[in-house]
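Student: Residues in the sequence shown are numbered from 1203 upward in steps of one, following the working numbering. Dropping a structure here in structure tokens format, bear with me for questions.
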Amino acid sequence: MRSIKVGLIGFGTVGSGVVKIIRQNGDVIKERLGTDLELKKIVDLDITTPRPVKVEKSILSTNIDDIMEDPEIDIVIELIGGIEPAKTFILKSLEKGKHVVTANKALLAHHGNEIFEAAAKNGVDVGFEASVGGGIPLIRSIREGLVAEDIQVIYGILNGTANYILTRMTTDGASFSEALKEAQEKGYAEADPTLDIEGHDTAHKLAIMCALSFGGKIEFDKVHIEGITDIDQKDIQFASEFGYKIKLLAIGAETNGKIDMRVHPTMIPKDHVLSSVDGAYNAVFINGNAVGNIMLYGLGAGMMPTGSAVISDIVDMGRDILHGVNNRVPPLSFVDSSKNSVTYKPISEIKTRYYFRFEALDRPGVLSKISGILGKYNISISAVIQKGRQVAGSVPIVMLTHTAVEKNVRSALEEIDKLDVVKAPSKLIRIENGEAE
Ligand code: HSE
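Encoded structure:
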């Protein structure tokens, strides 16, 4: 039987993982695929720096045409990341009739619709299991395992770097910068770590997951994004006193035909399953109307877990190639995503519970001024803590609310911040109970 031949573009952390796994687990992969998986060429700008895995010099090249122009290569693996030249290489591979496997969530979030159209036009497939949740088989689970479901809600911890930072800040009192440096050293962070800490990497992944779960195209621009850079030790401690942990959550939900897509620091109950997802681990909690609640959990970043997801796509495609079939499974699960009409809910319309921290003078009447404004906007308080006693300076006043409408919350905080007794911009963290509404 013919072998499946692949060309790898990008011999970095994940690329090295792919090579290592092919070498280490070649036998078991062959038993599952039914033939050899042959890594024919690796192209990278740098082919001299030592890698965690040794390869024969003859398969290394700096010339992209050694992959593009080789008619024997069935599958191109794109692991360089970023938008360009990754997009050009992928589109060119598809035009040449080659299948593509990528871990590039930023590229898919911004140009996935165009890439999937090009693949269909050329009768080839695009695999992107490694783009979301590293080694966790999330894409395939939603696209195939949950194909019977009307999915109601997804809650995800989808960025290992942000989760590592929040975990170190929560459990060890580490500083933000100390924890970020460690995550970078461990190889979890993006080349530009602002994508991790500002929530954009999580949002890239959420946009892909929502298209898979609810239909429609990938609509990254509809995701509301807030990162973790404003999270203070104080908030982590207050959250803990109220029985919550702070996680950077990706939330996708469908209510009354409208899709809510948002990424922000979120307080979730300490006893919720997602609260125990710590360090670089990722997890996705999904509620389907038939299956109920399920959770997928595992390492969301790193050389070997992400490499494993890349190979799962190669083997999947290899099986189809050997059977002479293509485009068997729609990339985003719905047969024609572009024709699905889907509407999105702006953040101003969401209803949830809130944590507020006000920095206010410790004087008679201050609490009633703040609660008066909240009452005016129909925001009902469920708990209050005031810590410390200050004659001159300000003290933190922390409140939790019952369910309120975001636009009312924004208006109320704007008014509260104008009070002369309030000394710093008020802090808001949304609270989720982690269940479908
Ligand atoms: N930077 C990402 C993370 C890598 O920290 O999770 C995986 O996409």
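Where is the CB? At the ideal position from N, CA and C, for every residue including glycine.
Following the continuous beta strand (DSSP E) through K1256, name the residue where it begins and the one where it ends.
Tutor: Run containing K1256: none; DSSP gives neither H nor E here.
Student: Using a 10 Å radius around the Cβ and a threshold of 16 neighbouring Cβ atoms, would you call V1537 buried or exposed?
Tutor: Exposed, because fewer than 16 other Cβ atoms sit within 10 Å of the Cβ of V1537.
Student: If you reduce the DSSP assignment to three classes, tell me which class V1607 lands in.
Tutor: Note: V1607 maps to strand in three-state DSSP.
Student: May I ask whether a heavy atom of the ligand HSE can be found less than 6 Å away from the beta carbon of D1522?
Tutor: For the ligand HSE, not one heavy atom lies less than 6 Å from the Cβ of D1522.
Student: Please go through the same chain and pick out, in chain order, the residues whose beta-carbon is closer than 8 Å to the beta-carbon of G1325, but skip the five residues on each side of it.
Tutor: Excluding residues within five positions, the ones whose Cβ falls inside 8 Å are G1299, N1528 and N1529.
Student: At a threshold of 6 Å, does D1398 count as lining the ligand HSE (C-beta to nearest heavy atom)?
Tutor: Result yes, Cβ under 6 Å from the ligand HSE.
Student: How would you write the range of the alpha helix (DSSP H) that R1234 sits in, first residue to last?
Tutor: Looking at the DSSP string, the run of the alpha helix (DSSP H) that includes R1234 is G1228 to L1235.
Student: Are three or more beta carbon pairs between the region 1556-1572 and the region 1268-1275 nearer than 8 Å?
Tutor: These segments do not touch.
Student: Give me the Cα-Cα distance between P1339 and G1502, rounded to the nearest whole angstrom.
Tutor: One C-alpha to the other measures close to 10 Å.
Student: Using the Cα positions of L1239 and K1222, report the straight-line distance between them to the nearest angstrom.
Tutor: Taking the straight line from one Cα to the other gives about 13 Å.
Student: Work out the CA separation of D1564 and A1674 for me, nearest whole Å.
Tutor: This structure cannot speak to residue 1674, because the chain is shown only from 1203 to 1639.
Student: Tell me whether G1329 sits in a helix, a strand or coil according to DSSP, three-state version.
Tutor: Strand.
Student: Counting only runs that start and end within the region 1420-1488, where is the alpha helix (DSSP H) found for 4 or more residues in a row?
Tutor: Qualifying alpha helix (DSSP H) stretches, in chain order: 1435-1443.
Student: Between I1420 and Y1446, which are expected to be in contact by the criterion C-beta below 8 Å, what is the C-beta distance as a whole number of angstroms?
Tutor: Not a contact, Cβ separation roughly 31 Å.
Student: Taking all protein chains shown into account, do 16 or more other C-beta atoms lie within 10 angstroms of the C-beta of F1371, making it buried, or fewer, making it exposed?
Tutor: According to the sequence provided, residue 1371 is Met. The question's Phe does not apply to it. Buried: at least 16 other Cβ atoms inside 10 Å.
Student: Report yes if the C-beta of Y1390 is less than 6 Å from at least one heavy atom of the ligand HSE; otherwise report no.
Tutor: Under cutoff, so the answer is yes.
Student: Identify the continuous beta strand (DSSP E) that holds M1497 and give its terminal residues.
Tutor: It spans G1494 to L1501 - the beta strand (DSSP E) in which M1497 sits, taken as one unbroken run.
Student: In chain order, what are the residue ranges of uninterrupted beta strand (DSSP E) at least 3 long that sit wholly in the region 1269-1307?
Tutor: Counting whole runs of 3 or more residues, the region 1269-1307 contains the beta strand (DSSP E) stretches 1277-1280 and 1301-1304.
Student: Whose C-beta lies closer than 6 Å to the C-beta of A1391 among residues of the same chain, with five residues either side of it excluded?
Tutor: Around A1391: T1363, A1385 and D1398.
Student: CA-CA distance, V1220 and L1498?
Tutor: One C-alpha to the other measures close to 22 Å.
Student: For the ligand HSE, is there a heavy atom less than 6 Å away from the beta-carbon of N1361?
Tutor: Under cutoff, so the answer is yes.
Student: Which residues mark the beginning and the end of the alpha helix (DSSP H) in which E1384 is found?
Tutor: Taken as a continuous stretch (DSSP letters only), the alpha helix (DSSP H) holding E1384 covers F1378 to E1387.
Student: I think D1403 touches K1307, with their Cβ atoms under 8 Å apart; what is that distance to the nearest whole Å?
Tutor: Right, the Cβ-Cβ distance comes to about 7 Å (below 8 Å), so this counts as a contact.
Student: By how many angstroms is the C-alpha of I1282 removed from the C-alpha of F1213?
Tutor: If I take the Cα positions, the gap works out to 8 Å.
Student: Would you say G1502 touches the ligand HSE, meaning its beta carbon is less than 6 Å from a heavy atom?
Tutor: Yes - the ligand HSE has a heavy atom lying nearer than 6 Å to the Cβ of G1502.
Student: If you draw a straight line from the C-alpha of Q1226 to the C-alpha of L1235, how long is it?
Tutor: About 15 Å.
Student: Could you tell me whether any non-hydrogen atom of the ligand HSE is closer than 6 Å to the CB of D1394?
Tutor: D1394: no, Cβ never under 6 Å from the ligand HSE.
Student: Suppose you measure from the CA of A1322 to the CA of N1610; what does that come to, to the nearest Å?
Tutor: Going from the Cα of A1322 to the Cα of N1610 covers about 45 Å.
Student: Could you have a look at R1342 and say whether DSSP puts it in helix, strand or coil?
Tutor: Here R1342 sits in helix by DSSP.
Student: Are the beta-carbon atoms of E1667 and S1596 separated by less than 7 Å?
Tutor: Residue 1667 lies beyond the range of the chain shown here (1203 to 1639); nothing can be said about it.
Student: From I1438 to L1476, what does the alpha carbon distance come to, in whole angstroms?
Tutor: If I take the Cα positions, the gap works out to 16 Å.
Student: Does at least one heavy atom of the ligand HSE sit under 6 Å from the Cβ of D1423?
Tutor: For the ligand HSE, not one heavy atom lies less than 6 Å from the Cβ of D1423.
Student: Is D1403 near the ligand HSE, judged by its Cβ being under 6 Å from some heavy atom?
Tutor: Within the cutoff, so yes.
Student: May I ask which residues mark the beginning and end of the beta strand (DSSP E) holding S1543?
Tutor: No beta strand (DSSP E) contains S1543, which DSSP labels as neither H nor E.
Student: Got a sec? Which residues, its chain only, sit under 8 Å from V1334 by beta carbon, not counting five neighbours each side?
Tutor: Excluding residues within five positions, the ones whose Cβ falls inside 8 Å are K1307, L1340, I1341, L1360, K1407, I1410 and M1411.
Student: Considering only the alpha carbon of each residue, which of S1584, A1585, H1604 and K1578 lies closest to E1616?
Tutor: Looking at the Cα atoms, K1578 is the closest of the given residues.
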